[in-house]
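Taking it in order: structure first as structure tokens, then the write-up.
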Amino acid sequence: MSIREHEDYDKEIERLEETKEYIRRIISLVVEKRLKYRKDMREAFSELDDMDNSLSYASILLNAKLLDSLEQNFGMLKKSKDHPYFARMDIRQSDKDRDEQLYIGKISLFDESMDTPLVVDWRAPIASVYYDGRLGKARYKSYGEEYEIDLFRKRQYTIENGELKHFVDVDISMSDTFLQATLENHASDKLKDIVSTIQSEQNDIIRADIHKPLIVQGVAGSGKTTIALHRIAYLIYTYSDSFQPEDFIIIAPNNLFLDYISSVLPELGAEDVRQTTFPDFMLDVIGERYPLSDQNSKLRLLLKKESLEEYDRGLIIRASAFKNSMLMRKILEAYCGDIEEHFIPPVDFEVNGEVIFTRAYLEEMFRESYAYLPFYKRIDQLESYLDHHVKEAVDEMVAKTRRIYDRRMDRVRKSDMDSEDRKTKLKAAIMDRDEKIKMLQRSRKKAVKDYIKRIDRKDALFFYNRLMTDADLLERYTDDKEVIRFIVEDRIKRIPAKELELEDLAPMAYLHNKLYGIDKSARVKYAVIDEAQDFSDFQFFVLREILNTDRFTILGDLSQGIHMYRAVKDWSYLQESVFEEEVNYLTLLQSYRTTIEIMNEANGVLKKAPIRDLSLANPVVRHGKKPQIRKHKDESSLVKGILETIDKWMQEEYTTIAIITKSEDDAGAIHGALTKGSGYAIGLIEEKAAHFEERIVVLPAYLAKGLEFDAVITTNLHDAFEISALDAKLLYVAMTRAMHRLSLQFISGKNSYF
Ligand SMILES: Nc1ncnc2c1ncn2[C@@H]1O[C@H](COP(=O)(O)OP(=O)(O)OP(=O)(O)O)[C@@H](O)[C@H]1O
Numbered sequence: 001m002s003i004r005e006h007e008d009y010d011k012e013i014e015r016l017e018e019t020k021e022y023i024r025r026i027i028s029l030v031v032e033k034r035l036k037y038r039k040d041m042r043e044a045f046s047e048l049d050d051m052d053n054s055l056s057y058a059s060i061l062l063n064a065k066l067l068d069s070l071e072q073n074f075g076m077l078k079k080s081k082d083h084p085y086f087a088r089m090d091i092r093q094s095d096k097d098r099d100e101q102l103y104i105g106k107i108s109l110f111d112e113s114m115d116t117p118l119v120v121d122w123r124a125p126i127a128s129v130y131y132d133g134r135l136g137k138a139r140y141k142s143y144g145e146e147y148e149i150d151l152f153r154k155r156q157y158t159i160e161n162g163e164l165k166h167f168v169d170v171d172i173s174m175s176d177t178f179l180q181a182t183l184e185n186h187a188s189d190k191l192k193d194i195v196s197t198i199q200s201e202q203n204d205i206i207r208a209d210i211h212k213p214l215i216v217q218g219v220a221g222s223g224k225t226t227i228a229l230h231r232i233a234y235l236i237y238t239y240s241d242s243f244q245p246e247d248f249i250i251i252a253p254n255n256l257f258l259d260y261i262s263s264v265l266p267e268l269g270a271e272d273v274r275q276t277t278f279p280d281f282m283l284d285v286i287g288e289r290y291p292l293s294d295q296n297s298k299l300r301l302l303l304k305k306e307s308l309e310e311y312d313r314g315l316i317i318r319a320s321a322f323k324n325s326m327l328m329r330k331i332l333e334a335y336c337g338d339i340e341e342h343f344i345p346p347v348d349f350e351v352n353g354e355v356i357f358t359r360a361y362l363e364e365m366f367r368e369s370y371a372y373l374p375f376y377k378r379i380d381q382l383e384s385y386l387d388h389h390v391k392e393a394v395d396e397m398v399a400k401t402r403r404i405y406d407r408r409m410d411r412v413r414k415s416d417m418d419s420e421d422r423k424t425k426l427k428a429a430i431m432d433r434d435e436k437i438k439m440l441q442r443s444r445k446k447a448v449k450d451y452i453k454r455i456d457r458k459d460a461l462f463f464y465n466r467l468m469t470d471a472d473l474l475e476r477y478t479d480d481k482e483v484i485r486f487i488v489e490d491r492i493k494r495i496p497a498k499e500l501e502l503e504d505l506a507p508m509a510y511l512h513n514k515l516y517g518i519d520k521s522a523r524v525k526y527a528v529i530d531e532a533q534d535f536s537d538f539q540f541f542v543l544r545e546i547l548n549t550d551r552f553t554i555l556g557d558l559s560q561g562i563h564m565y566r567a568v569k570d571w572s573y574l575q576e577s578v579f580e581e582e583v584n585y586l587t588l589l590q591s592y593r594t595t596i597e598i599m600n601e602a603n604g605v606l607k608k609a610p611i612r613d614l615s616l617a618n619p620v621v622r623h624g625k626k627p628q629i630r631k632h633k634d635e636s637s638l639v640k641g642i643l644e645t646i647d648k649w650m651q652e653e654y655t656t657i658a659i660i661t662k663s664e665d666d667a668g669a670i671h672g673a674l675t676k677g678s679g680y681a682i683g684l685i686e687e688k689a690a691h692f693e694e695r696i697v698v699l700p701a702y703l704a705k706g707l708e709f710d711a712v713i714t715t716n717l718h719d720a721f722e723i724s725a726l727d728a729k730l731l732y733v734a735m736t737r738a739m740h741r742l743s744l745q746f747i748s749g750k751n752s753y754f
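Counting from 1, position 562 in the sequence shown corresponds to residue 562 in the UniProt record's numbering; the numbering is continuous, with no gaps.
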């Protein structure tokens, strides 16, 4: 049935026009206000030269602030003109005696002449019912109070460029046709928002308690990244009194991924959220851009079997695991305890040979009274304390000196010596006294300076190098002497160039925080960690220490954990070892990205591998073509096969096509061969890539994490996919990047899964 025949068609058109008209009115009002603020600003600036300019300055500040907030809302308002809402729910609240129709959109609009809002923001408490609720009785919470309502209609709209294209009522029996239609769309180069099709299990994550750490285990394509971003937008909206966008940080795997997710938050009206990678954030915390060795070098070692002797490879991996284990926490805590014990000089504080404060007293102050401060900040405090109290002590010493000399001079005055002698004696005593007092005053300043100077200002790298080259100390924590020897030698080699590797960053940041504290610019109140399966428990521990908060959202998929040697093994251990308080743990099993056919094939790979506790994805009901499996006899046949598939998919007009390999070397080789053999512009994505523009790209699986493409060809040339947990996970990651089409093309015998 055409929507024109629907009994509500005219009413819906009228409502849409009314809403658009309202938005137009608001926009012109904002434009007017903007002009006025600009004019006020110009006037305030021109008055800045006048004598009393504090008023003008205040006016500039005020107007700049107003302009800022207008600009922000203005962008969202302008966008909402074309698409003011996407859903409606008809409800009756238990305390009201009439039905209400609530239209839900990306921003709320209030027309003062109406008693229900024109559009309700999707993040408002009541909108939760739309995402959660089946029709019937429903509940929602607002400001701690629970409300019951009767939800008797959910309607979805397609509005394009301000024109109503379609609307449909959703009931329990009907599958979500809007969701289906959305998932059929082709991939774009950026992740999109999903406000109109958020699913109930996702809504629970978006709106989960802000104060408790939240861990989400979600299968590939379950929307983890997408809902992490929606959660931030929700939290910014709901807690706008206490949280600003700058208080949030998203930590993601690499710059390519950051570029891929960059448009979601602005689209949701949340600009200015810091989006960074773990190494970048750690270097910010440390406050020094030390050269960093290649992050994925360990993974490459694992993949390139022939590059090193098995023994050496094992050692490198064991060392990496050691530096990222919770043992490191024990080591650092003990090490910092030791630093703390020997931090202040092993002497009493004296002025002019007189003990003013004993070492024991100063040490107690350093360790107890200032315990809340980083070590060097405690020294700053100690310096001011000494300055202050030494002045009192020296004043007392001066007074005492005066008293002594006064008595002495009194005796001279009362003596029977002749007047000339008396004069000379008194003069000498005065000079002597003044000299002593001057000396006392001078030694006051010098004593504090000299004492503080005895405490060397060393950076975190100095202390880290000292620790990591101290085999005796490290061996106290492990029986694995070989690993310690390796770690020590490796550290010594890197000292001249001040080079760090990924595994050094968390301990370095921990030390820096203990020594100096972290800079304001690196301080945030809420952290969202995506692709968290690649982080170690120890890295989470350090993040928690540094940020001094439990406000974390941690999202990951253990089935995609390709850095297993150093990363989280299971979420419950993370909960116990890092977070002291109760953790909110939620799972997502439904996958939205791929078709049933692709997901089944990918699940099959995991089932064949030696992986414990598998959580297999359950795809949303969406069918597509069966994945193509082609085995080739040699390299030239493989390249020819891949090119044929690309040709076909280009004709079918897929927007993005990725050729995903096992290793970086294979990616380079295949890229070279494909470029030679075709006229297509094919991009090669390498470690440092931050962006790509080509429709067709070649990349290794570990760089494809988190991304998605319309169509994927999974392949390998020299490096075989063998039956092992790592190879299965890499293949799984590669296959689950496909939204619509998947082709598996290998040289015979190089893939044990097919
Ligand atoms: N409720 C939804 N409505 C529409 N699309 C959705 C929904 N949830 C997820 N998607 C889509 O599914 C795809 C996968 O989402 P996303 O990348 O956030 O998943 P992920 O769990 O982070 O995946 P992975 O772990 O495999 O990287 C995206 O295209 C996203 O738009």
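In this text, a Cβ means the ideal position worked out from N, Cα and C, and glycines have one as well. Note that the structure is predicted; figures quoted are calculated from it, not measured.
Item	Value
How about Ala-738 and Phe-709: are their beta carbons less than 8 Å apart?	yes
DSSP three-state label for Gly-136, please.	strand
Between Leu-179 and ligand 1, is there a pair consisting of the residue's CB and a ligand heavy atom that are separated by less than 7 Å?	yes
With a threshold of 7 Å (Cβ to nearest heavy atom), would Gln-275 be considered close to ligand 1?	no
Using a Cβ distance threshold of 8 Å, determine whether the segment 549-566 contacts the segment 317-332, with at least three qualifying pairs required.	yes
In three-state terms, what does DSSP make of Leu-589?	coil
In the DSSP output, which residue or residues are listed as bridge partners for Phe-746?	Lys-631, Asn-716
Does the beta-carbon of Ala-567, which I'm using as the reference point, lie nearer than 7 Å to any heavy atom of ligand 1?	no
Report yes if the CB atom of Pro-619 is closer than 8 Å to the CB atom of Ser-577, and no otherwise.	no
Which residues does DSSP pair with Val-542 in a beta bridge?	DSSP lists no partner for Val-542.
Roughly how many angstroms lie between the CA atoms of Ala-138 and Ile-206, to the nearest whole one?	18 Å
Please confirm if the segment 224-238 is in contact with the segment 263-273, defined as three or more CB-CB distances below 8 Å between the two stretches.	yes
Beta carbon of Gly-223: closer than 7 Å to some heavy atom of ligand 1?	yes
If you scan the segment 611-688 from start to end, which runs of the beta strand (DSSP E) of 3 or more residues do you find wholly inside it?	628-632, 657-661, 682-684
Tell me the DSSP secondary structure of Pro-266 in three-state form.	helix
Please classify Ser-240: does DSSP put it in a helix, a strand, or coil?	coil
Scan the segment 154-190 and note each continuous alpha helix (DSSP H) run of 4 residues or more that stays entirely inside, going in chain order.	177-184
Comparing the CB of Lys-192 with every heavy atom of ligand 1, is any distance shorter than 7 Å?	yes
Establish whether the CB of Arg-551 and some CB of chain E are separated by less than 8 Å.	Absent here is chain E; the protein component of the structure consists of one chain.
With a threshold of 6 Å on Cβ separation, who are the neighbours of Leu-558 within its own chain once the five nearest residues in sequence on each side are excluded?	Gln-533
Name the residue from Leu-77, Ile-159, Val-583 whose alpha carbon lies nearest to the alpha carbon of Ile-554.	Val-583
Any idea what DSSP makes of Ile-205, helix, strand or coil?	helix
Beta-carbon within less than 7 Å of Gln-381's beta-carbon, same chain only, minus the 5 sequence neighbours each way: which residues are those?	Tyr-370, Leu-373
So Val-285 packs on Ala-509, CB below 8 Å; how close in whole Å?	5 Å
Alpha carbon to alpha carbon, how far is Thr-116 from Arg-134? Give it in angstroms, no decimals.	22 Å
My understanding is that Ala-701 touches Ala-658, with C-beta atoms under 8 Å, so please give their C-beta distance in whole angstroms.	Not a contact, Cβ separation roughly 10 Å.
If you measure from the CB of Ile-660, is any heavy atom of ligand 1 nearer than 7 Å?	no
Measure the Cβ-Cβ separation of Ala-617 and Val-219 and say whether it is below 8 Å.	yes
Does the segment 489-500 come close enough to the segment 349-369 to have 3 or more Cβ pairs within less than 8 Å?	no
Does DSSP classify Glu-14 as helix, strand or coil?	helix
How many angstroms separate the CA atom of Ile-452 from the CA atom of Leu-229?	48 Å
Can you determine whether any heavy atom of ligand 1 sits closer than 7 Å to the C-beta of Leu-183, and answer yes or no?	yes
With Thr-424 as the anchor, note down where its beta strand (DSSP E) starts and where it stops.	Careful: Thr-424 lies outside any beta strand (DSSP E), inside the alpha helix (DSSP H) at 419-453.
Going along the chain, which residues of its own chain have a beta-carbon closer than 6 Å to the beta-carbon of Gln-93, five neighbours each way excluded?	Ile-149
Does the structure place the segment 468-481 close enough to the segment 325-344 that three or more beta carbon pairs sit under 8 Å?	yes
Can you list the alpha helix (DSSP H) stretches of 4 or more residues lying completely in the segment 493-554, in chain order?	502-515, 537-547
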